[in-house]
Amino acid sequence: MGAPNGRLCVPSSRARALTKLTSKTTATGGAPVMYWMSRDQRVDDNWALLRAMDIARANDAPVVIAFNVLTKFLGAGARQFGFMLRGLRELELKAKRVGLEFTMTYGDDPAAAIAALAREIGAKVVVCDFSPLRDGLAWRKALAVTCEGHGIAVEECDAHNVVPCWLASDKLEVGARTLRGRLAKRYGEFLNEFPDVTSVEIARYAGKPFEAIKWDALIEEALTRGAAVPEVSWAVPGEAAGKAVLDDFVNNRMRLYESRNDPVKSRALSGLSPWLHFGQISGQRCALDAKKASTASTAKAYEGFFEELVVRRELSDNFCYYSPNYDKIQGQKYDWAKDTLKAHASDKREHVYTLEQFQRAKTHDDLWNAAQRELRYGGKMHGFMRMYWAKKILEWTESPEQALEFAIWLNDTYSLDGRDPSGYVGCMWSIVGVHDQGWKEREVFGKIRYMAYHGCAKNLAFP
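If you count by this note's numbering, then the sequence shown holds residues 3 to 465, one letter each, in order.
Right, dumping it as structure tokens:
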């Protein structure tokens with residue numbers, strides 16, 4: 003069975019060519035179409051995979067999914083690598099069940115490894131998913147340069163956002179209020195149901211068999227290498243587990259979502275962040291299923307969920323894509339924030355802590371320490387507490403630059419969903435005023451929004 007009504011599964015506007023060669027101008031001759039899977043680690047509801055399958059179907063060709071395993075990535079430890087690799091192990095089995103080949107390359111130069119594999123199997127087209135982060139953009143650019151020199155077309159398909167990042171806006175947006183309307187204009191084009199991946203019939207791979215992946219050894223190596231930050235037990239990796247969390251939320255807990263900013267009401271949160279970060283579930287799938295489950299009594303909760311899930315997440319991608327210094331003070335476009343931080347950089351701090359003291363939750367603030375312990379040992383932190391946590395790091399470090407460095411390092415090291423655009427933007431909002439406005443001026447913070455201990459503790463019934 004082909005795609006519905008014989009049409010392509012993926013709107014052509016969701017993909018863009020990264021080489022002068024394109025899938026239309028490059029005859030595959032039945033050669034495999036490669037999908038370089040990176041940010042979106044799933045078989046179902048994956049526009050980039052469906053795009054590769056579209057091209058393969060049009061050329062009577064098979065699809066090979068390739069994933070490159072890095073030895074290190076921005077401080078990720080056993081917690082993050084374990085979650086990712088266990089999810090990929092499940093994915094390999096699912097891919098084979100639907101007739102797709104899955105293999106891996108290894109090393110810290112993924113562009114070179116993927117390009118070499120594409121040449122080895124004789125691929126004429128490589129489809130990759132999208133990332134707005136510096137490394138991801140650089141890898142895809144390098145892949146395109148190498149592949150074009152060997153007559154291989156490279157396409158990029160945004161499978162992470164509802165509206166492809168480069169189409170949602172062509173510039174750095176001021177904030178949610180300016181992006182929200184731009185996104186809404188494109189929902190009719192992009193916010194649609196996914197085709198069933200099993201409905202797209204393509205040729206089976208008949209080339210030289212790939213070496214079997216030694217999953218046990220691969221996972222054990224990653225766990226040993228990153229043992230300083232061990233795995234957590236509360237989050238089960240993989241597509242199936244992510245879908246189960248989504249089903250539980252939309253059917254049983256979405257009605258609670260309006261109270262999500264209360265840290266003592268953890269059931270009000272969707273809990274989907276780890277699976278969204280690793281692409282083990284699609285944000286678009288979450289939006290579609292939440293809409294289907296929404297009733298008159300949960301309409302406001304659904305609207306709040308959609309705002310966080312789509313508008314705010316895609317705003318984070320917009321910021322990182324159009325602001326390459328997304329993790330630096332200079333990444334803030336507007337002078338009011340940079341100027342006020344500079345003006346107050348020499349203000350006397352009542353408390354100053356080292357990175358190790360922050361790591362070990364050794365501050366004078368019991369509320370901050372509790373949040374840090376949850377991050378360090380549990381791999382997560384309530385969104386409301388993340389704001390307080392980051393702002394206090396600004397208050398208790400020697401400079402705004404050091405505060406941002408510490409906050410990002412702690413988040414990327416311990417959070418299961420670290421190294422994510424939303425994490426970078428969360429730190430930048432709290433410390434540098436990104437997507438915010440100026441507030442009443444005060445010591446250390448200047449015009450950056452302040453959060454007080456007593457206000458937060460009162461809400462949490464802390465003594």
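Every residue gets a Cβ at the ideal spot worked out from N, C-alpha and C, and that includes glycine. Since we're looking at a predicted model, the values are computed, not measured.
Between the stretch 276-287 and the stretch 41-51 there are three or more inter-stretch CB-CB distances shorter than 8 Å, so the stretches are counted as touching. For residue 429, the enclosing alpha helix (DSSP H) covers residues 423-434. Between the stretch 97-106 and the stretch 131-151 there are fewer than three C-beta pairs closer than 8 Å, too few to call the two in contact. Each residue's CA atom was taken as its position, placing residue 95 and residue 66 some 14 Å apart.
Put simply, the backbone Cα of residue 272 is about 43 Å away from that of residue 124. Going by DSSP, residue 55 is part of the alpha helix (DSSP H) stretching over 49-60. A straight line joining the alpha-carbon of residue 356 with that of residue 378 spans about 16 Å. DSSP, reduced to helix, strand and coil, places residue 157 within a strand of the structure shown. Taken in chain order, the complete alpha helix (DSSP H) segments of 4 or more residues contained in the stretch 186-212 are 189-192. Residue 334 places its beta carbon less than 9 Å from that of residue 434. Beta-bridge partners assigned by DSSP to residue 130: 38 and 158.
Every beta strand (DSSP E) stretch that sits fully inside the stretch 76-139 and reaches 3 residues is listed by chain position as 103-108 and 127-130. Rounded to whole angstroms, the Cβ separation of residue 88 and residue 239 is 4 Å, and the two are in contact under 8 Å. Between residue 398 and residue 374, the C-beta spacing is not below 9 Å. Shown here, residue 31 sits in coil according to DSSP, grouped into three states, outside any helix or strand. Under DSSP, residue 444 shares a beta bridge with 448. Inter-residue distance for residue 458 and residue 351 is about 21 Å (C-alpha atoms, whole angstroms). With respect to the 9 Å criterion, residue 395 and residue 408 are classified as neighbours on the basis of their beta carbons. Looking at the backbone, the Cα of residue 384 and that of residue 132 are separated by about 27 Å. The beta carbon of residue 371 is closer than 8 Å to those of 363, 364 and 365 in its chain, skipping five residues each way along the sequence.
Taking one beta carbon from each stretch, the stretch 335-354 and the stretch 440-451 have 3 or more pairs nearer than 8 Å; the two touch. For residue 323, the closest of 175, 119, 265 and 343 by C-alpha to C-alpha distance is 175. An exposed status is given to residue 153, since fewer than 16 other beta-carbon atoms sit within 10 Å of its beta-carbon.
Within the model, the alpha-carbon separation for residue 218 versus residue 92 is close to 13 Å. Burial check for residue 162: the Cβ neighbour count within 10 Å reaches 16 or more, so the residue is buried. Under the three-state reduction of DSSP, residue 12 is assigned to coil, being neither helix nor strand.
The beta carbons of residue 156 and residue 50 sit no closer together than 9 Å. Beyond the five residues adjoining it in sequence on each side, residue 329 comes within less than 6 Å, by CB distance, of 410 and 426 in the same chain, given in chain order. Within the same chain, and ignoring the five residues on either side of residue 146 in sequence, the residues whose Cβ sits closer than 7 Å to its Cβ are 20, 21 and 156. When DSSP assignments are scanned along the stretch 337-403, the uninterrupted stretches of alpha helix (DSSP H) that are 4 or more residues long and fall wholly within it turn out to be 337-345, 357-361, 368-380 and 385-397. DSSP places residue 247 in the uninterrupted alpha helix (DSSP H) bounded by 241-250.
Spanning the alpha carbons of residue 369 and residue 455 requires a straight line of approximately 8 Å. In this structure, DSSP gives residue 280 a state outside helix and strand, which the three-state scheme calls coil. It is roughly 31 Å from the alpha-carbon of residue 197 to the alpha-carbon of residue 108.
Counting of Cβ neighbours within 10 angstroms places residue 71 among the buried residues, the total reaching 16 or more. As the crow flies, the alpha-carbon of residue 111 is around 18 Å from that of residue 220.
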